Each structure stands twice: as structure tokens, then as C-alpha cells.
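Have a look at the structure below, then the notes.
Number of protein chains: 2
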Amino acid sequence: MSEIQRPGALYQQVAAAIREAILSGEFEPDSLLPSEAQLMARYGVSRPTVRNAIAALRAEGLIDVRHGKGSYVRTSGRPALTLERRITRTADGTFVMPSGDVWDEAEKPSTYRTRTTKDTGRLLQLGTEEALFGCDRLLIDPSSGTRAMHRTLIPFTTAEGIAVLAEEPSTRPAAIYGVLTQYGHKLTWSETVRARMPLPDERATLRLPDATPVLHLARVTHGTDGRPLILEELRTGADRAELAYRITADKQPTRRTRA
Amino acid sequence: MSEIQRPGALYQQVAAAIREAILSGEFEPDSLLPSEAQLMARYGVSRPTVRNAIAALRAEGLIDVRHGKGSYVRTSGRPALTLERRITRTADGTFVMPSGDVWDEAEKPSTYRTRTTKDTGRLLQLGTEEALFGCDRLLIDPSSGTRAMHRTLIPFTTAEGIAVLAEEPSTRPAAIYGVLTQYGHKLTWSETVRARMPLPDERATLRLPDATPVLHLARVTHGTDGRPLILEELRTGADRAELAYRITADKQPTRRTRA
DNA sequence: AGACGTCACTTGTCCTTACGAGTGATGACT
DNA sequence: AGTCATCACTCGTAAGGACAAGTGACGTCT
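Chain order of the listed sequences is B and C.
For the first sequence, the tail end lands on 258 under numbering that gives the first Met the number 0, and the numbers increase by one without skipping.
For the second sequence, the tail end lands on 258 under numbering that gives the first Met the number 0, and the numbers increase by one without skipping.
Here it is in C-alpha cells:
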């Protein structure tokens, strides 16, 4: 029927035609696309070609395919969950990272001992193979159902002399901040944000659809002297969550950074 | 040969075997994987099955395939570029967002007029179909070659009475901040971070490899009364860039947000 | 009426065959 | 020596066929 010509491969032409129909609104969000057989007839191509085109659109995150049903136009609404990265001061004078309290724990936290890798060692300003307490959590946002994987890493050097950290590595981060404050630390935080495709186990744990990146946050808590005390990592699906940072000018001396 | 059995589909078993070999280090980063023909022989499967397995690994971002050469294990180093999101105060008392100055412009900025969409309208606290000046830039980080797409949106209501904004919508953001400050605004910023898979034109413009998400930043500049003045959007490949936020406690009243 | 089996439709998997196209080395020709 | 054609290897594209598996509706049997 509607023979197409322009770009390169046949399946790309088919993909482009469908993509255009989606983006132009001809195929509405949540609606069912024509079946593979219909697309074969419509464009006069074979099934592998149609499936190849559909695979391309899946990889772009434009459609979801359900076995036995068909292909649905994905609704690209904005994420259901916004993680506010602003620090607020509570009535008793301690600081709280708001996002630390939003989640429910889906499972019992699992604690273990491990050592720094190249990545975690750099963030904690330690070498590699330094001893750490670790604690992994599976978190769920009760209102949206969004899942997240959380990890707390506490260097032995930080836990030294703070009994609760060594004895209860599963203490929640918010409580840890409280303890550190009681021990005289004035805390600041720095966060690094990255995005990448999930590994299969992350895809399964976080229940991610096709072509959904994970947001990977690494938060370092610094003590009074600016030395890193603990490291937290949060991984969650980028389709369900976004980050919001409130930036206010401070009075630090000029420092042009560019790592 | 090494017949595999466990999970579901054949191609998934093949993919799992290769994935394991990569993650365990048997296939080193940057090294060449066996060719499709060799994998067919190795696992005793047909070419489509091998290609299906390879497609899965590409979608995970584990390998890169080059036409005529073969499949290479991707090196998953940390991004070459860190965007520092800390505000510094310069000697003359104005504020600068450091990342605004790091980039080179790869092309002449293109300016246009447009209207708010649902998304941009929400961020600017305007309705839809409100008039805007727009300016698109293609940016390049000279040291790493990382590319980024930048967009500035200035509502007519903001440009009113500030001649340079209406006459020169291609003014660089840093300069715009300066102008707004001269007009008496004490600026603050808020940023929203999202990640998603790129559209084909973004893939091409940003020169992204397979299975590479884009980081999508939306930065709103607020005036003295907190009202949004301008909106900037920055899109760049998540393989080349990461974001770093420095968070310092402020003295705002407690406000538990959760959108 | 209710439970359940069947059937038509969907996508998922797997195979075979064929040719097009990019890459690099080899070797012949100038 | 240098240039260029050829070739073998790689992945990319396209078609065909066949059967498995998930889904929902329809109709029959109890």
C-alpha cells in the first residue's frame, strides 16, 4: 500500500513511518498498533522486516509489546515520583534529606562486609580494598509503587568509635545522619547522578519495562572537615522517577571546577 | 559444543553465556568477541538465534558491533565529563552557573518563536500556548568531545521591558543571568533531572552509541519573588557525562515535598 | 447459570536461504 | 615502489516457513 522510500533499510522506513504516526498523534498513547500481519500487508514487507521495525521502536522506548495482545503506544507522561534533593531543617535542629524517608522497605535489609572498589574508593577518598560495612535495601514508594535499590557503605574508619554504626549497619540513613551530628559532625552532602541501561537482575528487581534506563545516584556524606564519612547509592527506573534540585547561591570563593 | 540448558529461550541462554563471560572478565573490555559464525558453531544454533542474543547484549549496552569487523566488549569507564552544579560568586558579585561556560558552540545558535507545551508550561508556571522566544544550541566540550543540545526558552512576559532579551534571544545564559541581576532580580535556580532513551535525531546529533540513555536537565531560573523567569534544557549522552551536585544545608522552614 | 474446552488471533522462537555492504590483507599490475 | 583489483571475512538486510505460547471470546456441556 503506502510504499515508502526515503532513508536506508526497509525496516527503518517502516519504523520511521510508524514513529511518525505515533509522534504526530495518529496513534494515540495507550492505543493498540496494527498487528504484525496488518503491518506486513500495509507496507508489503515480510514478517522479519516488520518485527525488526518494531524492535527498533521498542529500543527507543516508544512502544510496549505484550505477548498475545499486540503493541501499545507508550504513554510518556512525566514520572510519578519526584525525588526532592533539598535539605530541610527540622524543629530539633537536625538536618534531613527528604527522600530518605519517603520509601517503604520491601524486604529486610541485608548487611554484609565488603571492600572498596575503584569506584567506591574514589568517592570515599580511600584506596581500593579498604574494609566497609554494607547494607542493601529494596525500597518501594507506597503511593506510586516505584521500586528502588539502596545501598549504604560505611568505611571502618568512619564506624570507629561510633558503636551503633559497627553493631547496627542496617540503621537507616536518616538515623545515621542524626548519630553523626550528635558526634559533633556538621554534615554536607554531594551527589553524583548517572544513567545507564540496567543489567538483567536490576531489570527484574526494579520491574523495568523495555528500553528504560536506571538513574544511579551516589551520595557522599561529608563531615565537618569535608572528609567523606559514608556513601549511599540509589538505583531506580528513570521512567518512574525524576530528580529535582533546588540550587541557592552560597558565598564560597570562586572555584571553577571541571573534573 | 558447550550446550546450555537453564532458562527460557535458546537465544537467551546464548546471551546469558556470553554475558557471563564478559562480566567474569573472560572476554576483556575492548576485545573482539567470536564472530557470528563461530558462535553458531560453538553453541550449535542458527544465525538468527546468535543475532538475537547479540541484539539483547547490545540493548544492555554490554557490547558494540561494527559492520565488517565484529562485536567488541564495551568499556564501562566512568564518564569523561562531570557537570558541576554548584553556584559560585564572581568578584563583581554576580552569580555564575559553572557548566554554562564550559562548552563550545558547534554551530551558530538558531532562534525562533514558539509556544509553551504542557511540559514547558508547567515548569514556567504558565498555561499552554503562551508565547516564548526560543534558542537552540549544539554544544561541544572541547576536552572530551562530548556533545550536548541546549535550549533556552524565554517567555514574552519575562522579556517585556528588557530590550536585549527580545532583540537578542541568542544571548548566552550566563549573560542573561547578568542582565536579570542588573534589572534587580536575585536569582535562584531549580533543576529537574530525567533520563530516557534518545530519539533517532538525538542519537545522530549527539553521536550516541547503542543503548545509551540521554540525561535531560531542565533548569528554571527564578527571580526575587520565586517566579520562573526562563527555562533551559540540556540534553547529553549519559555515557559521557555525569552530574555532580553539592548540597549545603540552608535555613528555609521545613517543607516536606513529594510531588 | 456456571464451568470449561475450543478456536481464532496475537506475539515469541527458530530454522533455512540468499544477497548486500563494510573491512582489511593479499597480490597483480603499472 | 606504488596503485588498485580481488578475495575472504565480517555484519546487515530480507524473505520464506514452521511451530510454540499467551489472550480472550465464543460456544458447549454440565
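Glycine included, each C-beta is placed from N, C-alpha and C at the ideal position.
Given the structure is predicted, the values throughout are model-derived calculations rather than measurements.
Same chain, Cβ closer than 6 Å to residue i, neighbours up to 5 away in sequence not counted
{"i": "R171/B", "result": "none"}
{"i": "G120/B", "result": "G126 and T127"}
{"i": "T52/B", "result": "Strictly speaking, residue 52/B in this sequence is Ala, with Thr absent from that position. So the list reads Y10, V13 and A14, once near-sequence residues are dropped."}
{"i": "V219/C", "result": "L122, S189, P227 and L230"}
{"i": "H184/C", "result": "G222 and T223"}
{"i": "A55/C", "result": "A14"}
{"i": "E241/B", "result": "P78 and T81"}
{"i": "G7/B", "result": "none"}
Beta-carbon spacing of residue i, residue j below 9 Å
{"i": "M148/B", "j": "T235/B", "result": "yes"}
{"i": "L179/C", "j": "P154/C", "result": "no"}
{"i": "E268/C", "j": "L198/B", "result": "The structure shown has nothing for residue 268/C, since chain C only spans 0 to 258."}
{"i": "I102/B", "j": "D135/B", "result": "Just to set this straight, residue 102/B is Trp in the shown sequence, not Ile. Result no, Cβ atoms of W102/B and D135/B do not sit closer than 9 Å."}
{"i": "F26/C", "j": "V64/C", "result": "no"}
{"i": "R57/C", "j": "A210/C", "result": "yes"}
{"i": "S261/C", "j": "P108/C", "result": "The requested residue 261/C is not part of the displayed model; chain C covers only 0 to 258."}
{"i": "E232/B", "j": "L152/B", "result": "yes"}
Contact belief for residue i with residue j at Cβ below 8 Å, rounded distance in angstroms
{"i": "I62/C", "j": "L32/C", "result": "7 Å"}
{"i": "L205/C", "j": "R146/C", "result": "5 Å"}
{"i": "T110/B", "j": "P168/B", "result": "5 Å"}
{"i": "A162/B", "j": "F132/B", "result": "13 Å between Cβ atoms; not a contact."}
{"i": "D238/C", "j": "P47/C", "result": "With a Cβ gap of about 29 Å, D238/C and P47/C do not count as contacting."}
{"i": "T115/B", "j": "E129/B", "result": "4 Å"}
Counterpart residues of residue i in DSSP-defined beta bridges
{"i": "H66/B", "result": "According to DSSP, which records beta bridges pairwise, H66/B is partnered with nothing at all."}
{"i": "G133/B", "result": "Y111/B and L152/B"}
{"i": "P227/C", "result": "H221/C"}
{"i": "R245/B", "result": "S189/C"}
{"i": "Y71/C", "result": "L31/C and D63/C"}
{"i": "T81/B", "result": "E241/B"}
{"i": "I139/C", "result": "D103/C and R146/C"}
{"i": "A194/B", "result": "L214/B"}
{"i": "R322/C", "result": "What is shown of chain C runs 0 to 258, which leaves residue 322/C out entirely."}
Residues of its chain near residue i, where Cβ-Cβ distance is below 8 Å and the 5 sequence neighbours each way are ignored
{"i": "E104/C", "result": "R136, L137, L138 and I139"}
{"i": "S45/B", "result": "M39"}
{"i": "R50/C", "result": "E35"}
{"i": "S143/C", "result": "A79, L80 and R239"}
Contact set for residue i: own chain, Cβ-Cβ below 7 Å, skip 5 residues either direction
{"i": "G69/B", "result": "L31, L32 and S34"}
{"i": "Y182/C", "result": "I161"}
{"i": "K117/B", "result": "T127"}
{"i": "P208/B", "result": "D63 and D238"}
{"i": "A90/C", "result": "With a pLDDT of 47 at A90/C, under the threshold of 50, the modelled position of this residue cannot be trusted; read the value that follows with caution. Correct list: empty, nothing qualifies."}
{"i": "A20/C", "result": "F26"}
{"i": "R195/C", "result": "P212, V213 and H215"}
{"i": "G24/B", "result": "none"}
> Does the stretch 33 to 51 of chain B come close enough to the stretch 9 to 17 of chain B that 3 or more CB-CB pairs lie under 8 Å?
Replying inline: yes
>> Taking contact to mean 3 or more Cβ pairs, one atom from each stretch, closer than 8 Å, check whether the stretch 215 to 226 of chain C and the stretch 219 to 234 of chain B are in contact.
In response: Taking one beta carbon from each stretch, the stretch 215 to 226 of chain C and the stretch 219 to 234 of chain B have fewer than 3 pairs nearer than 8 Å; the two do not touch.
> Any contact of the stretch 187 to 197 of chain C with the stretch 209 to 216 of chain C, i.e. 3+ C-beta pairs under 8 Å?
Replying inline: Short answer: they touch.
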